[in-house]
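Have a look at the structure below, then the notes.
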Amino acid sequence: MNIPLIINVLLFAALLMALAKLSKPSWSLSRKVLTGLLMGVLFGFGLQLGYGAGHPVIAASIEWFSLVGSGYVQLLQMIVMPLVFASILSAVAKLHNAASLGRISVITIGTLLFTTLIAALIGVLVTNLFGLTAEGLVQGVKESARLDAIETSYLGRVSDLGVPQLLLSFIPKNPFADLTGANPTSIISVVIFAALLGIAALQLKKDDASKGDKVLAAIDTLQAWVMKLVRLIMTLTPYGVMALMTKVVAGSNPQEVIKLGSFVLASYLGLGLMFLVHGLLLALVGVNPLTFLRKVAPVLSFAFSSRSSAATIPLNVEAQTRRLGVPEAIASFAASFGATI
Numbered sequence: 001m002n003i004p005l006i007i008n009v010l011l012f013a014a015l016l017m018a019l020a021k022l023s024k025p026s027w028s029l030s031r032k033v034l035t036g037l038l039m040g041v042l043f044g045f046g047l048q049l050g051y052g053a054g055h056p057v058i059a060a061s062i063e064w065f066s067l068v069g070s071g072y073v074q075l076l077q078m079i080v081m082p083l084v085f086a087s088i089l090s091a092v093a094k095l096h097n098a099a100s101l102g103r104i105s106v107i108t109i110g111t112l113l114f115t116t117l118i119a120a121l122i123g124v125l126v127t128n129l130f131g132l133t134a135e136g137l138v139q140g141v142k143e144s145a146r147l148d149a150i151e152t153s154y155l156g157r158v159s160d161l162g163v164p165q166l167l168l169s170f171i172p173k174n175p176f177a178d179l180t181g182a183n184p185t186s187i188i189s190v191v192i193f194a195a196l197l198g199i200a201a202l203q204l205k206k207d208d209a210s211k212g213d214k215v216l217a218a219i220d221t222l223q224a225w226v227m228k229l230v231r232l233i234m235t236l237t238p239y240g241v242m243a244l245m246t247k248v249v250a251g252s253n254p255q256e257v258i259k260l261g262s263f264v265l266a267s268y269l270g271l272g273l274m275f276l277v278h279g280l281l282l283a284l285v286g287v288n289p290l291t292f293l294r295k296v297a298p299v300l301s302f303a304f305s306s307r308s309s310a311a312t313i314p315l316n317v318e319a320q321t322r323r324l325g326v327p328e329a330i331a332s333f334a335a336s337f338g339a340t341i
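For the sequence shown, position 294 (counting from the first letter as 1) is numbered 294 according to our numbering, and the numbering increases by one without interruption.
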């Protein structure tokens, strides 16, 4: 019987219960997530100090902690496609003029491509500034497994595609397969499919008001149902973030981080510069950057700890609609394409 492992799991369970007790109903989600993040960091450091980096007990403990952390990530991944589908469908069906969808699409995608270009330029600048190369880097087991997964699932499908073929791959040919995330471009395909269904609902209302009203009512019900599911899972965010941060901190090797010091510094410098760019863009459109960052803090903390763009979509949409007042159409559309681009 592994007594240290049992103690670690019991301590983790106690921290989860303590977080539940500390999280008062009056607390905002941001405050609850920040509390969970700090508890995860402190517990992870405690495990590092108690056992040392790379200890087998830590690795075994992390597997149990992942029941909460990875389980939460999987729940978020579960609701990505239903959320994107229902939100886009509902938003388009509520448009009085379908032509406005084109304007929203152009502005959203244009903004995303512009900020992506800036991010790429910053990446090149920081890389050259620090003189970073791949020389001396060691590919570990996790990196090899991830590379194999990418080559198997994505590289063979998109590497040989030209721009016309890539754009063609966005058009859904089997929406039910895309709803399962079967293809690299499934999210975009689902967005297009939902938008077309929404436009069809608008046309149906024009041709047959009675049937159209029934379809629109069903769409509203579906949207409300899916959002109830999303908000139910959002209540688990503080616990998921705590588990993920415990895993990140406890599973990290300080010596390896020191060896990769220049890469770490370059990465955080690049992130800092992108925050400045976003802050400048927000200021230009009359939004207080500090207020914005405070409202999206749960999204940023989860994205940092989970390293999953797709899993962050539900939190992203939730923050945009409930905290920033962004219309559902724009929120879902931007979050879906942002995670893909």
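Glycine residues also receive a C-beta, built at the ideal position from the N, C-alpha and C atoms.
Query: At least 3 beta-carbon pairs within less than 8 Å: the segment 209-217 vs the segment 27-34; Result: no
Query: Status (buried if at least 16 other CB within 10 Å, exposed otherwise) for residue 114; Result: exposed
Query: Which of helix, strand or coil DSSP assigns to residue 285; Result: coil
Query: Nearest-angstrom Cβ-Cβ length linking residue 238 and residue 36, presumed shorter than 8 Å; Result: 4 Å
Query: Contained alpha helix (DSSP H) runs [length at least 4] in the segment 156-232, N- to C-terminal order; Result: 163-170, 175-178, 186-207
Query: Reduced DSSP secondary structure (H/G/I, E/B, other) of residue 321; Result: helix
Query: Close Cβ partners of residue 69 (< 7 Å) along its chain, the five nearest in sequence each way excluded; Result: 240, 243, 244, 247
Query: Whether residue 337 touches residue 109 by CB criterion (8 Å); Result: yes
Query: DSSP-derived helix/strand/coil call for residue 124; Result: helix
Query: Straight-line gap, residue 78 to residue 116 (C-alpha atoms, nearest Å); Result: 27 Å
Query: Which listed residue (88, 217, 61, 107) has its alpha carbon closest to that of residue 3; Result: 61
Query: Rounded straight-line distance, which links the Cα of residue 204 to that of residue 26; Result: 45 Å
Query: Cβ-based neighbour list, residue 277, same chain, cut-off 6 Å, excluding 5 preceding and 5 following; Result: 118
Query: Residue 133 (DSSP reduced to helix, strand or coil); Result: coil
Query: Run of the alpha helix (DSSP H) containing residue 247, from where it starts to where it stops; Result: 237-251
Query: Start and end residues, alpha helix (DSSP H) containing residue 27; Result: Run containing residue 27: none; DSSP gives neither H nor E here.
Query: Residue 295, buried or exposed, once every other Cβ within 10 Å from all chains shown has been counted against 16; Result: buried
Query: Proximity below 8 Å, CB of residue 58 to CB of residue 330; Result: no
Query: Residue 269 versus residue 126: straight-line alpha-carbon distance, rounded; Result: 8 Å
Query: Helix, strand or coil at residue 278 according to DSSP, with G and I counted as helix; Result: helix
Query: Every unbroken beta strand (DSSP E) within the segment 68-107, with a cutoff of 3 residues, ordered by chain; Result: none
Query: Residue 333 vs residue 191 beta-carbon contact at 8 Å; Result: yes
Query: Alpha carbon of residue 311 to alpha carbon of residue 83, nearest angstrom; Result: 11 Å
Query: Cut-off 8 Å between Cβ atoms - residues of its own chain near residue 319, not counting five sequence neighbours on either side; Result: 295, 296, 298, 299
Query: Cβ pair residue 194, residue 85 closer than 8 Å; Result: yes
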